[in-house]
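Colleague: Structure incoming, see below.
Shown next, in the form of structure tokens:
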């Protein structure tokens with residue numbers, strides 16, 4: 104078996120993120136027991152008319168991926184690129200945006216720099232969250 108290329112791993116990560124997000128979105132924040140009571144049988148797309156829909160987690164992952172494609176070797180340029188993507192995403196008034204993300208985007212629009220020192224914490228870079236996994240392919244977290 105040949106090794107999987109970095110391009111294929113990255114594509115798999117993005118596709119898996121989107122499909123998993125779409126499958127799990129209707130059950131977000133529900134307990135396992137409530138999920139079992141609400142939906143029986145095989146797990147499938149259940150959001151609207153049997154179709155899936157991605158959340159801001161997938162959108163943030165795609166923004167991180169796009170910023171990595173252009174600025175993976177320059178941390179400051181990566182921060183600026185991601186910050187502009189987040190600003191314009193937020194300007195589109197996304198549904199279901201979290202409070203921490205909204206605060207960070209407002210701070211970015213107000214002119215705060217995109218680094219943590221000024222309080223505009225970009226949760227999209229938190230490696231424990233879905234979008235951070237894209238960054239982990241480029242910059243693995245310390246062990």
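Residue numbers (my numbering): 104 to 246. Note that the Cβ used here is the ideal one computed from N, Cα and C, for glycine as well.
1) What number of angstroms, rounded off, separates the C-alpha of residue 129 from the C-alpha of residue 149?
2) Among the candidates 217, 141, 126, 118, whose CA atom is the shortest distance from the CA of residue 165?
3) According to DSSP, is residue 236 part of a helix, a strand, or is it coil?
4) Quick check: what's the CA-CA separation for residue 179 versus residue 195?
5) Tell me residue 154's beta-bridge partners as DSSP assigns them.
6) If residue 133 and residue 146 are in contact, beta carbons under 8 angstroms, what's the gap, nearest whole angstrom?
7) Which of helix, strand or coil does DSSP assign to residue 228?
8) Quick check: what's the CA-CA separation for residue 167 versus residue 141?
9) Please state the DSSP three-state secondary structure of residue 162.
10) Could you check how far apart the C-beta atoms of residue 212 and residue 183 are, in whole angstroms? I think they sit under 8 angstroms.
11) What span of residues does the alpha helix (DSSP H) with residue 179 cover, start to end?
12) Taking Cβ to Cβ, would you say residue 123 is nearer than 8 angstroms to residue 159?
Modeller: With the given structure in hand:
1) 7 angstroms
2) The residue with the shortest Cα to Cα distance from residue 165 is 118.
3) In the structure shown, residue 236 sits in a helix (DSSP, three-state: H, G or I).
4) 25 angstroms
5) Answer is 151.
6) Cβ atoms of residue 133 and residue 146 stay farther apart than 8 angstroms, at about 13 angstroms.
7) Low confidence applies to residue 228: its pLDDT is 48, below 50, so where it sits in the model is not reliable, and the reading given next is rough at best. In this structure, residue 228 counts as helix in the three-state DSSP scheme.
8) 34 angstroms
9) Residue state, collapsed to three classes: helix.
10) Contact doesn't hold; Cβ gap of about 14 angstroms is too wide.
11) 178-194
12) no
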